[in-house]
Amino acid sequence: MSDPSVPPVDLDLRLVQCFTVVAEHRHFGRAAEALHTTQPSLSRQIRRLEQQLGARLLDRTPRGTRLTEAGDVFLPLARTLLRSATQAMARTRAAAQPRRVTIGYTPGLIVTPAVRELRRRHPGAEVQVVHVHWQEVREALLGHRVDAAVTRWPLPASGLEVTVLYDEPRVAVLPLDHRLAGKESVTLDDIADEPLPRLRDSDPDWSAYWRLEPRPDGSLAPDGPLIDAIEDKFEIVATGEAISIAAGSFTAGLRPDLTSVPIEDVEPAHVVLATRSDDHNGLVSAFREYAGQHLAPY
Numbered sequence: 015m016s017d018p019s020v021p022p023v024d025l026d027l028r029l030v031q032c033f034t035v036v037a038e039h040r041h042f043g044r045a046a047e048a049l050h051t052t053q054p055s056l057s058r059q060i061r062r063l064e065q066q067l068g069a070r071l072l073d074r075t076p077r078g079t080r081l082t083e084a085g086d087v088f089l090p091l092a093r094t095l096l097r098s099a100t101q102a103m104a105r106t107r108a109a110a111q112p113r114r115v116t117i118g119y120t121p122g123l124i125v126t127p128a129v130r131e132l133r134r135r136h137p138g139a140e141v142q143v144v145h146v147h148w149q150e151v152r153e154a155l156l157g158h159r160v161d162a163a164v165t166r167w168p169l170p171a172s173g174l175e176v177t178v179l180y181d182e183p184r185v186a187v188l189p190l191d192h193r194l195a196g197k198e199s200v201t202l203d204d205i206a207d208e209p210l211p212r213l214r215d216s217d218p219d220w221s222a223y224w225r226l227e228p229r230p231d232g233s234l235a236p237d238g239p240l241i242d243a244i245e246d247k248f249e250i251v252a253t254g255e256a257i258s259i260a261a262g263s264f265t266a267g268l269r270p271d272l273t274s275v276p277i278e279d280v281e282p283a284h285v286v287l288a289t290r291s292d293d294h295n296g297l298v299s300a301f302r303e304y305a306g307q308h309l310a311p312y
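Residue numbers (my numbering): 15 to 312.
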């Protein structure tokens, strides 16, 4: 039974969403465009939210819009509220429709054989496959955008169940005229003085793994150019500014002016399947089984 001493909550999530968009853009006009509505309509919705909360959230200024002190307090709570609502809807739908699963995969990986097997064994299931950026795997899983993701280690594993599917050699990606190009393999000593690109704002554990840091003597790799996307590194490598480290199968589609050489004295890269720790969807368990059986290096 509900507690009669607790007043009923009357908070329209659509209004909360409008507020977060205005707070992000700091401008009613741009926020209205993003929400596909008009400024007067958006202003009315914000006023309704402020009435529900009993506090002014936004002040208009000549330069746009700024958060009030109450708005500053409410914004992170609003975002948490919207995330919780999204997760509640996803979990409820999953419980009501256990015949649906979404499989994610990151660049350079193929999930087709396992997906085909899942569809063959479960012909009544709705199986969707979506591409996920490598930095967004955990967010996509915990946000219920995907139910399982095939990706490369490392990734933040809190709240996730991670299963190793197979290993791939880590390789040095080189321009064709590099002194090491054409060798059967190289060692860490061979590439000790070679600069490696730095990905801006990347996860420290991820960067250390793919920069092979620290080296056995405790040293760090020489710094190459700073990049904003993994795709940028191939141009940097091709021009001779740096080399790069990648996984074996990821180099299959390299541009014709690059080559790769296995690194013999480092652990291989791990291709893994990540799922939510608390997910009881039987289709996720089935996909984990088929991924283990049918996914392999190519």
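Cβ coordinates follow ideal geometry from the N, Cα and C atoms, glycine included. None of these values were measured; they are calculated from a predicted model.
Excluding its 5 nearest sequence neighbours in each direction, R290 has C-beta neighbours in its own chain below 6 Å: L155, listed in chain order.
A contact is defined here as three or more CB-CB pairs under 8 Å, and the stretch 290–301 fails this definition with respect to the stretch 217–225. Within its own chain, the residues whose Cβ lies closer than 8 Å to the Cβ of S55, once the five positions on either side in sequence are excluded, are A46, listed in chain order. Non-local beta-carbon contacts of G85 in its own chain, meaning distances under 6 Å to residues more than five positions away in sequence, involve L71, L72 in chain order. The DSSP assignment places complete alpha helix (DSSP H) segments of no fewer than 4 residues inside the stretch 90–163 at 126–135, 151–156, in order along the chain. By the neighbour-count criterion, in which 16 or more other beta carbons inside 10 Å mark a residue as buried, Q307 falls on the exposed side.
With respect to L25, V35 sits apart: the two C-beta atoms are not nearer than 8 Å. L202 and R184 do not touch by the CB rule: their CB atoms are close to 11 Å apart, not below 8 Å. The beta carbon of D237 sits closer than 8 Å to those of P209, L210, R212, all from its chain and outside the five residues before and after it, given in chain order. Taking 4 residues as the minimum length, the alpha helix (DSSP H) runs contained wholly in the stretch 161–249 are 218–224, in order along the chain. A contact between stretches requires three or more CB pairs, one per stretch, nearer than 8 Å, and the stretch 143–161 fails this requirement with the stretch 274–282.
If you draw a straight line from the Cα of A102 to the Cα of L95, it comes to about 10 Å.
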